[in-house]
Amino acid sequence: MPIDFAQVSVYLVTDPLLSEGRSELEIVRAAAAGGVRLVQYRDKLADAPTYLEKARALAKLCRELGVWLVLNDRVDIAARVDCDGVHLGQDDLPTAEARKILGPGKLVGRSTHSADQVRRACAEGADYVNIGPVFPTATKSVPMAPVGLDGVREAIDAATTPVTTMGGIGLANAAEVVLAGADRVAVVTAITRAPDIERASRELVELVERTRIQRN
């Protein structure tokens, strides 16, 4: 089933280096119990066999939990796994080439860092775009200048596809992002480093959904 972004308020991105020693399976299971509906498996250090093994295990779990799963970067592996799509950076394969490898039925998302990149990604056929980093973040190996809330507004105005927002977002500032026009937030450490992942996920989901109603 294609990803229904209307049902996504919090989008979890995994990172084995930022998970307090807990496995992706453990984190995803707890996050799903807290209401997370979309997960991106990201592991920049795993070799291809390890990535494939973990991706297959996550795909099986996500199917059981009713959670959508996209893989970060690895179009080749996404084509071999029962996942919902792939998320690509600015320097990854063009969208059209990724689709040739993935085949029909899987989504291609694209990270963007400006309204111009959003327009380009949408024109090239991306199924959704992520704008960020919204705030300063330490989860990227190469720091990028935050786009801020104005950048979120500009991205949403420029987009013709669903937009996700990411970078330095947590309970303390997620409402600001939603009030700026975002319908959903993507997070790493706000969930992966939480002592109680299910509770942190639920609190963030409820905050985003409550603020979205308030905004509307």
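Counting with the numbering used here, you get residues -9 to 206 for the letters of the sequence shown.
Ideal Cβ placement from N, Cα and C applies to all residues, glycine included.
Beta strand (DSSP E) containing residue i: first to last residue?
i, result
"residue 51", "Where residue 51 is concerned, there is no enclosing beta strand (DSSP E), although the alpha helix (DSSP H) it sits in stretches over 38 to 55."
"residue -7", "From DSSP, residue -7 is part of no beta strand (DSSP E); its letter is neither H nor E."
"residue 61", "58 to 62"
Out of curiosity, what's the CA-to-CA distance linking residue i and residue j?
i, j, result
"residue 185", "residue 104", "34 angstroms"
"residue 47", "residue 9", "17 angstroms"
"residue -2", "residue 174", "6 angstroms"
"residue 4", "residue 166", "23 angstroms"
"residue 156", "residue 2", "10 angstroms"
"residue 282", "residue 205", "Residue numbering for the chain in the displayed model covers -9 to 206; residue 282 lies beyond these limits and cannot be assessed."
"residue 63", "residue 200", "32 angstroms"
"residue 110", "residue 31", "25 angstroms"
"residue 61", "residue 88", "12 angstroms"
"residue 140", "residue 170", "8 angstroms"
"residue 208", "residue 193", "Beyond the ends of the chain as shown, which are -9 and 206, falls residue 208; an answer cannot be given."
"residue 27", "residue 112", "23 angstroms"
"residue 72", "residue 197", "31 angstroms"
"residue 164", "residue 45", "28 angstroms"
"residue 183", "residue 33", "16 angstroms"
"residue 137", "residue 7", "25 angstroms"
"residue 134", "residue -8", "31 angstroms"
"residue -6", "residue 149", "17 angstroms"
What whole-angstrom Cβ distance do residue i and residue j have, given they're in contact under 8 angstroms?
i, j, result
"residue 177", "residue 29", "Actually they are not in contact, since the Cβ atoms of residue 177 and residue 29 sit about 11 angstroms apart, beyond 8 angstroms."
"residue 168", "residue 202", "6 angstroms"
"residue 54", "residue 84", "The pair is not a contact, with the Cβ atoms about 33 angstroms apart (cut-off 8 angstroms)."
"residue 172", "residue 195", "Actually they do not touch by this definition, with Cβ atoms about 14 angstroms apart."
"residue 118", "residue 92", "Not a contact, Cβ separation roughly 15 angstroms."
"residue 35", "residue 49", "Not quite, the Cβ-Cβ distance comes to about 20 angstroms (not below 8 angstroms), so this is no contact."
For the alpha helix (DSSP H) containing residue i, list its first residue and its last residue.
i, result
"residue 3", "No alpha helix (DSSP H) holds residue 3; the beta strand (DSSP E) holding it covers 0 to 3."
"residue 15", "14 to 23"
"residue 124", "No alpha helix (DSSP H) holds residue 124; DSSP gives it neither H nor E."
"residue 26", "Looking at the DSSP string, residue 26 is not in any alpha helix (DSSP H), and its letter there is neither H nor E."
"residue 66", "65 to 68"
Is residue i buried or exposed, if buried means 16 or more other CB atoms sit within 10 Å of its CB?
i, result
"residue 179", "buried"
"residue 123", "buried"
"residue 106", "exposed"
"residue 189", "exposed"
"residue 79", "exposed"
"residue 147", "exposed"
"residue 21", "buried"
"residue 81", "exposed"
"residue 24", "buried"
"residue 43", "exposed"
"residue 14", "buried"
"residue 75", "buried"
"residue 158", "buried"
"residue 102", "buried"
"residue 12", "exposed"
"residue 99", "buried"
"residue 162", "exposed"
When the cut-off is 9 angstroms and only beta carbons count, does residue i lie next to chain D?
i, result
"residue 193", "Within the model displayed, chain D is absent; a lone protein chain is all it includes."
Inset, instruction - Any chance you could list the alpha helix (DSSP H) runs of at least 4 consecutive residues sitting entirely within the region 71 to 116, in chain order? - result: 85 to 92 and 105 to 113
Inset, instruction - Ignoring anything shorter than 4 residues or poking outside the region 129 to 193, list the alpha helix (DSSP H) runs there in chain order. - result: 138 to 148, 164 to 169 and 179 to 182
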